[in-house]
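**Student:** Here it is: the structure, laid out below.
Number of protein chains: 4
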Amino acid sequence: MKRIAVLTSGGDAPGMNAAIRSVVRVGYVRGVKVIGIYRGYRGLLEKDFRQMLPRDVSGILEKGGTVLKTSRTIEFKEEKKQLRAIKNMKEKGIEGLIVVGGNGSQAGSLALFKKGFPTIGIASTIDNDLWGMDYTIGFDTAVNTAIDAIDKIRDTAESHDRTFIVEVMGRDAGFIAMDAGIAGGADIILVPEVKFNINEIVDDIKNGMKKKKMHHLIVCAEGAIHARDLGKIIQERITIDTRVAVLGHIQRGGSPTRFDRLLASALGEKAVDALLDKEKGKIVGIKSNKIVLIPLEQAVTKKKKLNLKLYKLARELSV
Amino acid sequence: MKRIAVLTSGGDAPGMNAAIRSVVRVGYVRGVKVIGIYRGYRGLLEKDFRQMLPRDVSGILEKGGTVLKTSRTIEFKEEKKQLRAIKNMKEKGIEGLIVVGGNGSQAGSLALFKKGFPTIGIASTIDNDLWGMDYTIGFDTAVNTAIDAIDKIRDTAESHDRTFIVEVMGRDAGFIAMDAGIAGGADIILVPEVKFNINEIVDDIKNGMKKKKMHHLIVCAEGAIHARDLGKIIQERITIDTRVAVLGHIQRGGSPTRFDRLLASALGEKAVDALLDKEKGKIVGIKSNKIVLIPLEQAVTKKKKLNLKLYKLARELSV
Amino acid sequence: MKRIAVLTSGGDAPGMNAAIRSVVRVGYVRGVKVIGIYRGYRGLLEKDFRQMLPRDVSGILEKGGTVLKTSRTIEFKEEKKQLRAIKNMKEKGIEGLIVVGGNGSQAGSLALFKKGFPTIGIASTIDNDLWGMDYTIGFDTAVNTAIDAIDKIRDTAESHDRTFIVEVMGRDAGFIAMDAGIAGGADIILVPEVKFNINEIVDDIKNGMKKKKMHHLIVCAEGAIHARDLGKIIQERITIDTRVAVLGHIQRGGSPTRFDRLLASALGEKAVDALLDKEKGKIVGIKSNKIVLIPLEQAVTKKKKLNLKLYKLARELSV
Amino acid sequence: MKRIAVLTSGGDAPGMNAAIRSVVRVGYVRGVKVIGIYRGYRGLLEKDFRQMLPRDVSGILEKGGTVLKTSRTIEFKEEKKQLRAIKNMKEKGIEGLIVVGGNGSQAGSLALFKKGFPTIGIASTIDNDLWGMDYTIGFDTAVNTAIDAIDKIRDTAESHDRTFIVEVMGRDAGFIAMDAGIAGGADIILVPEVKFNINEIVDDIKNGMKKKKMHHLIVCAEGAIHARDLGKIIQERITIDTRVAVLGHIQRGGSPTRFDRLLASALGEKAVDALLDKEKGKIVGIKSNKIVLIPLEQAVTKKKKLNLKLYKLARELSV
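Protein chains in written order, with my numbering: chain A, 35 to 353; chain B, 35 to 353; chain C, 35 to 353; chain D, 35 to 353.
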């Protein structure tokens with residue numbers, strides 16, 4: 035393989051730049067030309083290609099977002115677009131493609147593979163919802179950002195003896211909420227993976243107040259319930275001062291953490307080496323603290339399970 | 035004067051703890067007993083008093099929120115409550131009161147003064163809307179938190195070529211929005227003090243796109259327009275990808291900055307010295323980089339003006 | 035077991051408070067009395083004991099350092115002191131001891147176990163040098179602090195086209211240097227585990243300059259070479275502007291990250307459950323992303339190896 | 035005036051990029067061509083000039099360091115170099131020069147003015163030692179970085195009951211030390227402007243220990259005494275555990291704060307307008323919260339005084 039391409043797709047995640055840098059530099063070291071494709075699959079269709087050399091990725095390691103830019107992937111589901119994408123790559127002599135992104139983006143990568151084009155995915159989404167791996171690039175930074183926000187909110191909660199409901203991202207998964215909840219010292223964590231009962235939440239708060247816990251912190255995943263809705267219900271049931279905080283897009287940005295910079299660097303290297311080893315239709319990720327290769331088919335279609343031991347731990351710690 | 039009290043009231047602001055620490059330690063150095071009143075005016079009514087010594091305020095300088103806790107002040111507007119508060123203080127031998135807080139809280143301080151009790155205010159609100167002074171305790175930290183969030187959001191805005199509308203706090207004033215907007219590199223800043231025209235905003239964005247500005251950042255004060263409403267209008271008029279971020283309560287918390295720690299320390303010292311100098315019915319603040327004493331009557335009733343030169347500067351910088 | 039104790043010992047590490055909180059609260063949930071021992075083994079000898087209830091550990095999750103305080107362990111190597119420690123615990127009805135700390139501290143824990151007292155260690159040191167586990171509490175935060183510092187230093191390095199040598203902690207191990215180096219984008223990383231040749235370093239810099247790399251960043255472990263010494267050698271050999279930064283104690287403090295808060299919470303729970311399950315003479319840690327129990331004897335005496343794949347990756351990324 | 039130039043010189047300071055951006059964009063709005071000169075006076079001598087348009091300064095507002103790069107100014111003191119610099123600018127049609135930097139850099143700016151070339155300085159140095167103004171660009175960020183480091187170090191000081199001596203930058207002035215000391219809660223602050231007596235420091239620590247202050251924090255300016263030297267003296271006199279931290283270059287870098295971004299933006303605008311108003315040989319700065327123009331001659335030669343009220347405040351707060 036003499037020429038490979040790399041694109042970032044879907045929601046941006048901190049560490050994507052570190053992954054791009056790793057692909058470009060490791061590719062260079064292995065003697066392969068690396069082509070950057072701009073704006074995800076859109077750039078693949080519009081031939082927005084540029085060769086990338088080691089110095090082109092200087093100074094991006096610490097930056098959030100993605101210098102290759104990104105786009106949503108909805109339109110890429112049409113077969114004729116996929117074929118055009120492959121044609122565009124072949125015209126430029128590109129023999130393999132590395133796709134940095136989450137679930138939806140890897141579905142595109144899988145589609146191209148099924149049409150016969152060698153692709154390797156790099157697992158990158160703040161939601162951490164890709165099957166077969168423990169962590170995806172961006173998750174650690176996103177949770178740290180959420181924790182930082184929760185720590186600030188707790189200052190106000192304590193000062194006012196208030197109950198706060200903090201809504202975090204994660205789409206239909208509770209990974210961010212679970213980690214941010216435990217690390218943020220939440221009294222109650224609500225995730226889509228565990229059914230909850232409003233009456234029990236109300237009882238928990240009432241019991242807490244009896245134990246002189248004057249402020250409460252609830253962290254909820256956007257996929258479990260909206261903070262605003264929960265806030266209304268609680269205020270109808272208990273006469274307490276309740277406030278709502280939807281952390282929103284700040285969770286996507288920012289300079290990546292140690293964890294995400296290292297993970298992205300290691301996955302970038304592995305993705306290049308996998309392509310050169312004639313691997314395809316796979317995704318690189320971290321599992322049991324080892325870099326692994328997993329079939330894209332499984333990573334994309336299977337549902338990753340939340341570690342329910344953490345849920346139990348969270349309950350104990352909020353005693 | 036042998037015994038003075040201090041309370042924090044209204045919305046908490048980073049640096050309130052630094053002010054409490056300064057009042058307690060400077061009071062001690064001046065040979066005065068300092069009584070901490072818990073939960074603002076509510077504690078004043080419920081006699082929630084505790085003496086504070088220098089070691090009681092160790093380790094709080096860097097903490098957001100207020101260790102004295104705070105409460106909203108609405109109920110304190112009744113005259114009979116004000117009289118009861120004075121009675122409670124006199125019973126404990128308290129001869130002067132320092133009130134750390136913003137506009138509403140200083141109205142309470144003014145009321146007590148008018149009823150004959152010596153009070154001195156310390157200007158503390160993230161909104162920075164107290165007349166007669168350039169800055170209030172908490173504003174600098176709140177804007178820095180907003181900037182940090184905006185920097186993160188810009189990562190995503192750039193990666194997706196998206197327009198972002200970021201709503202910041204400030205109640206009916208635009209101080210946070212103006213500073214956060216300029217420091218955050220906003221293309222458009224909307225504040226309650228300056229009328230704006232939706233058509234012009236739409237034109238600005240269209241012109242920006244012609245100049246290859248692919249992402250736009252609008253910072254709006256909550257008192258000017260709600261980000262959500264503006265977002266809907268823009269998306270109806272222009273076919274661009276628009277997102278909304280309401281920063282919310284994270285702006286209140288967090289460890290105070292240099293500016294707020296120093297300001298709070300200096301104002302705490304000045305407030306104690308003012309009481310000992312038989313000053314009353316005044317508020318301490320910073321004006322032209324000097325610590326000043328201003329009649330509470332004026333600080334509370336007059337409307338502080340936004341520096342419109344900054345508005346002009348903001349327009350130039352977003353060229 | 036009805037009554038257990040917990041102490042923190044050796045160099046403090048971010049996350050120790052999260053571990054204490056977890057031990058106290060999980061202990062409470064399991065119906066066990068938890069005694070906090072102050073100032074490490076010194077408090078054990080001086081009977082500085084206090085019972086800890088769930089509310090006693092409120093608000094410490096996010097704090098660096100250790101509320102139980104800590105001390106160095108040198109004197110605890112004498113047998114008669116170990117026997118006195120056991121006597122002191124037995125007098126108070128303490129049946130098991132949890133020791134939060136690194137290598138030296140766990141040697142004390144091992145000694146007590148060998149004398150017949152049930153002990154469980156919790157692996158906590160920023161150095162990450164405990165055998166048998168992938169990470170110890172505090173390491174992630176320390177490296178993130180180092181990265182943050184390196185990011186700042188790079189601003190100056192770039193602005194002045196300067197070579198910077200940054201010395202990080204880690205005692206005789208290179209774990210902090212390796213991770214901080216890769217994540218900080220270092221051109222050269224020096225660790226005690228890999229022999230290096232000054233001539234090669236000098237050649238690397240010269241080659242970099244030929245490739246228009248105008249600034250260089252060297253990260254060295256304190257156990258490999260002192261930055262000051264290396265700086266002198268480089269400046270004698272190449273006429274470049276060189277500066278030295280010894281990060282020092284800032285690496286120990288600060289609010290713990292997601293990783294350290296979660297790890298500490300999980301290890302605290304596991305340590306309590308291990309004691310209740312009649313485990314002893316072991317240490318809890320994380321291995322392959324699972325919480326594991328390892329004999330203290332091995333953890334303390336065996337030498338943990340640095341992952342040399344990372345060293346290769348670092349070389350490739352600095353191309 | 036149709037064409038002006040801008041350069042950054044001397045030690046880099048956070049906010050220099052914000053100043054460059056402001057000069058470039060305001061210049062564009064005023065219809066003036068703005069030329070960026072690279073690497074300070076060295077680039078002026080070597081004709082390292084490039085025109086800068088508004089989009090060339092996109093994304094630099096939040097970055098530490100300087101995209102124009104910088105160099106030390108020693109060699110620029112020769113008259114013939116100054117004349118060559120003026121010749122180089124005239125050749126390119128440059129009619130006015132804006133110099134962003136501190137004392138030494140403004141001496142160069144003054145020299146060019148004396149040789150007949152219109153120059154305006156922008157006060158930028160973390161040391162804050164320019165006469166005639168309250169603050170210089172970079173100071174606020176540098177102190178906030180120092181405070182952040184001190185907050186971390188205090189975690190360890192408290193955990194070990196240790197005395198820490200933290201050395202901060204500032205060359206021969208104590209501005210950073212004074213603000214970082216007060217805001218960091220230092221027990222003792224040593225600055226070059228105030229004579230100190232080692233015996234008194236030792237007595238202070240001994241008295242603190244009697245009052246159960248088990249850890250002490252000393253902040254010293256590099257211009258007052260070196261932390262290492264002070265540490266040795268203290269350890270010889272008192273049997274306490276003492277540690278030293280030299281904060282070093284981290285104080286120069288990092289993303290600028292609200293204060294520095296706004297100050298740099300306002301000073302950039304003012305510098306352009308001053309040149310267009312035919313002002314020359316002056317420097318723009320902030321005084322009493324207003325943007326002012328001061329003769330370079332005075333700013334460069336007079337010695338700025340430290341506010342000794344702060345020194346008194348610091349003593350009271352460490353009671």
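Here a beta-carbon is modelled for each residue, glycine too, at the ideal position from N, C-alpha and C. Computed from a predicted structure; not experimentally measured.
Can you tell which of B/44, B/232, B/228 has its C-alpha closest to the C-alpha of residue 104 of chain B?
**Tutor:** Taking the first residue of the second sequence as 1, we reach residue 104 of chain B at position 70. Among B/44, B/232, B/228, the Cα nearest to that of residue 104 of chain B is on B/44.
**Student:** So residue 130 of chain D and residue 235 of chain D are in contact, right, with Cβ under 8 Å, and what is the actual spacing, rounded?
**Tutor:** Here residue 130 of chain D corresponds to residue number 96 of the fourth sequence, with the count starting at 1. Here residue 235 of chain D corresponds to residue number 201 of the fourth sequence, with the count starting at 1. That pair is no contact at about 50 Å.
**Student:** Any beta carbon of chain A sitting closer than 8 Å to that of residue 62 of chain C?
**Tutor:** As a first step, residue 62 of chain C is located in the third sequence; it is residue number 28 there, counting from the start. Yes - at least one Cβ of chain A is within 8 Å of the one on residue 62 of chain C.
**Student:** Checking contacts by CB at 8 Å: is residue 121 of chain C closer than that to chain D?
**Tutor:** As a position in the third sequence, residue 121 of chain C is number 87, starting the count at 1. Judged by the 8 Å Cβ criterion, residue 121 of chain C is not in contact with chain D.
**Student:** Excluding sequence positions up to five away, which residues of its chain have a Cβ less than 6 Å from the Cβ of residue 274 of chain B?
**Tutor:** Walking along the second sequence from the start, residue 274 of chain B turns up at place 240. Closer than 6 Å at Cβ, skipping near neighbours: 197.
**Student:** Say yes only if the C-beta of residue 45 of chain A is nearer than 7 Å to one or more non-hydrogen atoms of the ligand PLP, and no if none qualify.
**Tutor:** In the structure on display, the ligand PLP does not appear, and there are no ligands present to speak of.
**Student:** Excluding sequence positions up to five away, which residues of its chain have a Cβ less than 6 Å from the Cβ of residue 252 of chain B?
**Tutor:** As a first step, residue 252 of chain B is located in the second sequence; it is residue number 218 there, counting from the start. Around residue 252 of chain B: 199, 222.
**Student:** Using alpha carbons as the reference points, say which of D/247, D/145, D/157, D/149 lies closest to residue 8 of chain D.
**Tutor:** Lying before the first or after the last residue shown, residue 8 of chain D is absent from chain D, which here runs from 35 to 353.
**Student:** On a CA-only basis, which of A/92, A/50, A/208, A/126 is nearest residue 344 of chain A? Give me that one, please.
**Tutor:** Reading the first sequence from its first residue, position 310 is the one you call residue 344 of chain A. With distances taken between Cα atoms, residue 344 of chain A lies closest to A/208.
**Student:** Looking at the C-beta of residue 280 of chain D, does it have a partner C-beta in chain C at a distance below 8 Å?
**Tutor:** As a first step, residue 280 of chain D is located in the fourth sequence; it is residue number 246 there, counting from the start. Yes, residue 280 of chain D lies at the interface with chain C (some Cβ there is under 8 Å from its Cβ).
**Student:** Under 8 Å, with one C-beta from each stretch per pair, do the region 274-292 of chain A and the region 317-326 of chain C reach the 3-pair mark?
**Tutor:** Touching, no.
**Student:** Is it the case that the Cβ atoms of residue 51 of chain C and residue 100 of chain C are separated by a distance below 8 Å?
**Tutor:** Here residue 51 of chain C is taken as the residue at index 17 of the third sequence, counted from 1. Here residue 100 of chain C is taken as the residue at index 66 of the third sequence, counted from 1. Yes, the pair counts as a contact, with Cβ atoms nearer than the cut-off.
**Student:** How is the beta strand (DSSP E) around residue 153 of chain B delimited, first residue to last?
**Tutor:** Stepping through the second sequence from its first residue, residue 153 of chain B is reached at position 119. Unbroken beta strand (DSSP E) run through residue 153 of chain B: 153-157.
**Student:** Applying a beta-carbon distance threshold of less than 9 Å, which residues of chain D neighbour residue 277 of chain C?
**Tutor:** To locate residue 277 of chain C, count along the third sequence from 1; it is residue 243. Within 9 Å Cβ-Cβ: 282, 283.
**Student:** For residue 228 of chain B, which residues in the same chain have their Cβ closer than 7 Å to its Cβ, ignoring the five residues on either side in sequence?
**Tutor:** For the purposes of this step, residue 228 of chain B is taken as the residue at position 194 of the second sequence. So the list reads 345, once near-sequence residues are dropped.
**Student:** In chain order, which alpha helix (DSSP H) runs of at least 4 residues are fully inside the region 143-224 of chain D?
**Tutor:** You should have 173-194, 209-217.
**Student:** Please confirm if the region 324-335 of chain D is in contact with the region 139-157 of chain D, defined as three or more CB-CB distances below 8 Å between the two stretches.
**Tutor:** Yes, since at least three Cβ pairs between the region 324-335 of chain D and the region 139-157 of chain D fall closer than 8 Å, the two stretches touch.
**Student:** Report the residues of the region 170-188 of chain D with a CB closer than 7 Å to any CB of chain B, ordered along the chain.
**Tutor:** Cβ contacts with chain B: 174, 177, 178, 181, 185.
**Student:** If you reduce the DSSP assignment to three classes, tell me which class residue 70 of chain C lands in.
**Tutor:** Position 36 of the third sequence, counting from 1, holds the residue named residue 70 of chain C. Residue 70 of chain C: strand per DSSP, three-state reduction.
**Student:** Assuming residue 95 of chain B and residue 213 of chain D are in contact, meaning their beta carbons sit under 8 Å apart, how far apart are those beta carbons, in whole angstroms?
**Tutor:** Position 61 of the second sequence, counted from the start, is the residue given in the question as residue 95 of chain B. Position 179 of the fourth sequence, counted from the start, is the residue given in the question as residue 213 of chain D. Their Cβ separation, rounded to whole angstroms, is 13 Å, which puts residue 95 of chain B and residue 213 of chain D out of contact at 8 Å.
**Student:** Compare the C-beta of residue 104 of chain D with all C-beta atoms of chain C and state if any pair is closer than 8 Å.
**Tutor:** For the purposes of this step, residue 104 of chain D is taken as the residue at position 70 of the fourth sequence. With 8 Å as the cut-off, residue 104 of chain D counts as an interface residue toward chain C.
**Student:** Going by DSSP, what residues sit across from residue 85 of chain C in a beta bridge?
**Tutor:** As a working note, residue 85 of chain C is residue 51 in the third sequence. Looking at the DSSP assignment, residue 85 of chain C forms a beta bridge with C/69.
**Student:** What residues from chain D crowd round residue 192 of chain C, counting only those whose CB sits closer than 8 Å?
**Tutor:** As a working note, residue 192 of chain C is residue 158 in the third sequence. The contacting residues are 99, 103.
**Student:** Apart from the five residues on each side of it in sequence, which residues of its chain come closer than 8 Å, Cβ to Cβ, to residue 116 of chain A?
**Tutor:** For this step, residue 116 of chain A is matched to residue 82 along the first sequence. So the qualifying residues of the chain are 110, 142, 145, 146, 149.
**Student:** Can a CB atom of chain B be found closer than 8 Å to the CB of residue 291 of chain D?
**Tutor:** The sequence position of residue 291 of chain D within the fourth sequence is 257, counting from 1. Yes - at least one Cβ of chain B is within 8 Å of the one on residue 291 of chain D.
**Student:** Report yes or no: do three or more beta-carbon pairs, one from the region 172-180 of chain B and one from the region 280-289 of chain B, lie closer than 8 Å?
**Tutor:** In short, these stretches touch, since the Cβ pair count reaches three.
**Student:** Against chain D, with Cβ distances strictly below 8 Å, would residue 37 of chain B count as a contact?
**Tutor:** As a position in the second sequence, residue 37 of chain B is number 3, starting the count at 1. By this cut-off, residue 37 of chain B is not an interface position.
**Student:** Whose CA, out of B/68, B/72, B/203, B/301, lies closest to the CA of residue 17 of chain B?
**Tutor:** In this structure chain B extends from 35 to 353, so residue 17 of chain B is not present and cannot be described.
**Student:** Select from A/122, A/42, A/73, A/54 the residue whose C-alpha is nearest the C-alpha of residue 90 of chain A.
**Tutor:** By 1-based counting over the first sequence, the position of residue 90 of chain A is 56. Among A/122, A/42, A/73, A/54, the Cα nearest to that of residue 90 of chain A is on A/54.
**Student:** What are the boundary residues of the alpha helix (DSSP H) that residue 302 of chain A is part of?
**Tutor:** Taking the first sequence and counting its residues from 1, the one referred to as residue 302 of chain A is at position 268. Residues 292-310.
**Student:** How is residue 258 of chain B classed by DSSP in three states: helix, strand or coil?
**Tutor:** Numbered from 1 along the second sequence, position 224 holds the residue referred to as residue 258 of chain B. Of the three classes helix, strand and coil, the one that applies to residue 258 of chain B here is coil, per DSSP.
**Student:** For the beta strand (DSSP E) holding residue 321 of chain C, just list the boundary residues, first then last.
**Tutor:** In the third sequence, the residue the question calls residue 321 of chain C occupies position 287. That run of the beta strand (DSSP E) goes 316-321.
**Student:** Taking only beta carbons into account, state which residues of the region 259-276 of chain A come closer than 8 Å to chain C, listed in chain order.
**Tutor:** Listed in sequence order: no entries.
**Student:** How would you list, in chain order, the residues of chain D whose beta-carbon sits under 8 Å from the beta-carbon of residue 236 of chain B?
**Tutor:** As a working mapping, residue 236 of chain B is identified with position 202 in the second sequence. Those within 8 Å of residue 236 of chain B in chain D number zero; the least Cβ separation is about 21 Å.
**Student:** Does residue 237 of chain B pass the burial test, meaning 16 or more other C-beta atoms within 10 Å, or should it be called exposed?
**Tutor:** The residue labelled residue 237 of chain B in the question sits at position 203 within the second sequence. Exposed, because fewer than 16 other Cβ atoms sit within 10 Å of the Cβ of residue 237 of chain B.
**Student:** Can you list, in chain order, the residues of its chain with a C-beta nearer than 7 Å to that of residue 81 of chain C? Leave out the 5 residues immediately preceding and following it.
**Tutor:** Numbered from 1 along the third sequence, position 47 holds the residue referred to as residue 81 of chain C. Excluding sequence neighbours, residue 81 of chain C sits near 122.
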